[in-house]
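**Q** Right, I'll just put the structure down here and ask away after.
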Amino acid sequence: MNEQILAIDKNFSYELPTKQETVEYIRNLRKQNVHQRLKQADALGTLLVQPRCGVGSQQKMGELLQFLEREAQPDILSLTIDAYTRLCQFDKANAVLQENPQNLNGYPLVCHGYKKVRELNESVQAPIEIRHGSPDARLLFESSIAGGITSFEGGGIGYNLPYSKNVPISSSMQNWRYVDQRCGELARDGIIVDRELFGTLTAVLIPPSIALSMTLLEALCAVREGVKCLSISYCQGGHIAQDVAALRAIRKMAAKYLPPDVDVFPVLHQFMGAFPAARHDAEALILKGAIVAKKGHATKVINKTYEEALGVPTPQANALGIWTTRIVNSTISDFVKVDSAEVEEELHWILREVDEIVAPILDKPDIYRAIEEGFADGILDIPFSASRYAKSGVLPMRDRSGAIRYHNPGGLCMSDAVRSRNAQLLNNATHSPSFSLFSKLTRDIMYFSNMSLQEAIEV
1 MNEQILAIDK NFSYELPTKQ ETVEYIRNLR KQNVHQRLKQ ADALGTLLVQ PRCGVGSQQK
61 MGELLQFLER EAQPDILSLT IDAYTRLCQF DKANAVLQEN PQNLNGYPLV CHGYKKVREL
121 NESVQAPIEI RHGSPDARLL FESSIAGGIT SFEGGGIGYN LPYSKNVPIS SSMQNWRYVD
181 QRCGELARDG IIVDRELFGT LTAVLIPPSI ALSMTLLEAL CAVREGVKCL SISYCQGGHI
241 AQDVAALRAI RKMAAKYLPP DVDVFPVLHQ FMGAFPAARH DAEALILKGA IVAKKGHATK
301 VINKTYEEAL GVPTPQANAL GIWTTRIVNS TISDFVKVDS AEVEEELHWI LREVDEIVAP
361 ILDKPDIYRA IEEGFADGIL DIPFSASRYA KSGVLPMRDR SGAIRYHNPG GLCMSDAVRS
421 RNAQLLNNAT HSPSFSLFSK LTRDIMYFSN MSLQEAIEV
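In full-length UniProt numbering, the protein residues as written are 1 to 459.
Here is the structure:
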């Protein structure tokens, strides 16, 4: 095994099969992989639905996957990983696993080992994706692939800056470069790994062009290492035309910037911010997200549940969230229309903003170094970052319609035309005598959770 992997945690012992044995195991699995399901859905024009789910116990994890498959028939299943494993603290994850697995906030995959992962994989027909949040996912990746998992979420930007305070962007980019290189090796052996890029970022008022710029940069790095399948995700912001436009922008970005031999699939995360507590409001928000995914021509949607505001959802609520989302695959839902002119206007400006943000990075010969320097200089940035390696100088805000704009674009490279448009769209929100920046941002962040319809209209 590669020395990079052996050096991750010398206090924790683990077992991995040979690369060839892993390849043969995946080839002989008697079910579709994620890449195949994505391609099939794209060809048919259907929307795949995937829940989040992850618990500590092997038995409980298996029961949860089987319950969801039996009761809701998800197209793709998830293994959501615990926080200790995400931080490569495998000894701590293992200690909790042995004593009180219910205290883990996800599945400690590395501690369970690849053979247990194979048991889970073989217990369900739906293919499985790994969802986590790790700036260093090298051993997690190897253990997942050995378990027959062929869809792996994350990247050096999206799985570092929103979560970690002290991880240098140079470190996370190189850690994820390893993952992408391994995906390139597997592709040459005929095993296509779907690499999903986490455009959600902090999930707090993320302007579409920032989400898409960060995933585009990660995508460009991935394809240079040989990745052949990319799921580029975007998080529902709450404004239908803007969200639909952002999803449609993904295929246009791919056509402009990525090689034609790479399959690219748009993915929507249903709203990741503060959820309404009332069940009918939560279910309406879930359905709104499903409509956005369908109208935006997404291939897959990651669903939420009506218990989102209350904590970890029950399996029953998770299953119902899947069914609620799947409603939009019915032809009866075609009665829902979006304003095509408004979508096209948003699409034009989103693509222009993305082009302007990434241009100075793409002008440099070494994209990895350019990304690192870009964050150091502030020409790359994400709002409300946990990391000291991001400036967090970008200040977003909702306009009167609820769309997310740039109140302050920080050091992002944006033309006068782009800056002027954002300022004009926010004029009504920022130039009233009673304007308070703190109050406005609070209302914008809590947009769906505690605002009345009248308040939302007045913002």
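Glycine included, every Cβ here is placed at the ideal spot set by N, Cα and C.
The structure presented is a predicted model; accordingly, all values stated were derived computationally and were not measured.
Could you give the DSSP three-state label for S170: helix, strand or coil?
**A** By 1-based counting over the sequence shown, the position of residue 170 is 170. It is helical.
**Q** Name the one or two DSSP bridge partners that F265 has.
**A** Mapped onto the sequence shown, residue 265 falls at position 265. According to DSSP, F265 bridges with S231.
**Q** In the region 240-303, which residue ranges form an unbroken beta strand (DSSP E) of at least 3 residues, counting only runs that do not cross its ends?
**A** With a minimum length of 3 residues, the continuous beta strand (DSSP E) runs that stay inside the region 240-303 are 263-269, 300-302.
**Q** Candidates R352, S449, D444: which alpha carbon is nearest C413's?
**A** For the purposes of this step, residue 413 is identified with residue 413 of the sequence shown, where counting begins at 1. Nearest option by C-alpha distance: R352.
**Q** If you run the structure through DSSP and keep just helix, strand and coil, what is R86?
**A** One-based indexing of the sequence shown puts residue 86 at position 86. R86: helix per DSSP, three-state reduction.
**Q** Using the Cα positions of I240 and L268, report the straight-line distance between them to the nearest angstrom.
**A** Here residue 240 corresponds to residue number 240 of the sequence shown, with the count starting at 1. Here residue 268 corresponds to residue number 268 of the sequence shown, with the count starting at 1. Distance between the alpha carbons of I240 and L268: 12 Å.
**Q** Starting from R30, follow the alpha helix (DSSP H) in both directions and report where the run begins and ends.
**A** The residue labelled residue 30 in the question sits at position 30 within the sequence shown. R30 -> no alpha helix (DSSP H), and no H or E assigned at all.
**Q** From H431 to G411, what distance separates their C-alpha atoms?
**A** Along the sequence shown, read from residue 1 onward, the residue named residue 431 stands at position 431. Along the sequence shown, read from residue 1 onward, the residue named residue 411 stands at position 411. Their backbone Cα atoms lie some 23 Å apart in a straight line.
**Q** For the beta strand (DSSP E) containing R398, name the first residue and the last one.
**A** Along the sequence shown, one-based indexing puts residue 398 at 398. That run of the beta strand (DSSP E) goes 395-398.
**Q** Residues bridged to E129 by DSSP?
**A** On the sequence shown, residue 129 is found 129 positions in, with the first residue counted as 1. Note: E129 sits in a beta bridge opposite S78.
**Q** How many angstroms separate the CA atom of P17 from the CA atom of F141?
**A** Residue mapping note: residue 17 aligns to position 17 of the sequence shown, counting from 1. Residue mapping note: residue 141 aligns to position 141 of the sequence shown, counting from 1. Approximately 13 Å between the Cα atoms of the pair.
**Q** For I404, list the residues DSSP reports as bridge partners.
**A** Translated into the one-based positions of the sequence shown, residue 404 becomes position 404. In DSSP, I404 forms a bridge with R398.
**Q** I need the DSSP call for F198, collapsed to helix, strand or coil.
**A** Residue 198 sits at position 198 when you count from the first residue of the sequence shown. If DSSP states are grouped into helix, strand and coil, F198 belongs with coil.
**Q** Starting from S340, follow the alpha helix (DSSP H) in both directions and report where the run begins and ends.
**A** The residue labelled residue 340 in the question sits at position 340 within the sequence shown. Taken as a continuous stretch (DSSP letters only), the alpha helix (DSSP H) holding S340 covers 340-362.
**Q** To the nearest angstrom, how far is it from the Cα of L205 to the Cα of V244?
**A** Start at 1 with the first residue of the sequence shown, and residue 205 comes out as number 205. Start at 1 with the first residue of the sequence shown, and residue 244 comes out as number 244. Distance between the alpha carbons of L205 and V244 is about 16 Å.
**Q** Considering only their Cβ atoms, is the gap separating E225 from E196 smaller than 7 Å?
**A** What you label residue 196 is simply residue 196 of the sequence shown in a count that begins at 1. What you label residue 225 is simply residue 225 of the sequence shown in a count that begins at 1. It is not a contact, given that the beta carbons lie outside the stated cut-off.
**Q** Could you tell me which residues DSSP pairs with S151 in its beta bridges?
**A** Numbered from its first residue, the sequence shown carries residue 151 at position 151. Per DSSP, D194.
**Q** Under the rule that 16 or more other beta-carbon atoms within 10 Å means buried, what is E3, buried or exposed?
**A** Translated into positions along the sequence shown, residue 3 becomes position 3. A caution first: E3 carries a pLDDT of 49, below 50, which makes its placement in the model too unreliable to give a value.
**Q** Which residues bound the beta strand (DSSP E) around L48?
**A** What you label residue 48 is simply residue 48 of the sequence shown in a count that begins at 1. Taken as a continuous stretch (DSSP letters only), the beta strand (DSSP E) holding L48 covers 48-50.
**Q** Can you list, in chain order, the residues of its chain with a C-beta nearer than 8 Å to that of A249? Leave out the 5 residues immediately preceding and following it.
**A** Numbered from its first residue, the sequence shown carries residue 249 at position 249. Around A249: P208, L212, L347, I350, L351, V354.
**Q** Using a Cβ distance threshold of 8 Å, determine whether the region 265-281 contacts the region 290-305, with at least three qualifying pairs required.
**A** Touching, yes.
**Q** So what does DSSP say about Y14, is it helix, strand or coil?
**A** As a working mapping, residue 14 is identified with position 14 in the sequence shown. It is coil, neither helix nor strand.
**Q** Are there 16 or more other CB atoms within 10 angstroms of the CB of V292, so buried, or fewer, so exposed?
**A** By one-based count along the sequence shown, residue 292 stands at place 292. V292 comes out buried.
**Q** Which same chain residues end up closer than 6 Å to L425 when comparing Cβ atoms and leaving out the 5 residues on each side of it in sequence?
**A** Along the sequence shown, one-based indexing puts residue 425 at 425. Around L425: D399, R405.
**Q** Give a yes or no on contact between the region 314-332 and the region 31-41, applying the rule of three or more CB pairs nearer than 8 Å.
**A** The region 314-332 is not in contact with the region 31-41.
**Q** Put Y107 into one of helix, strand or coil per three-state DSSP.
**A** Position 107 of the sequence shown, counted from the start, is the residue given in the question as residue 107. Residue state, collapsed to three classes: strand.
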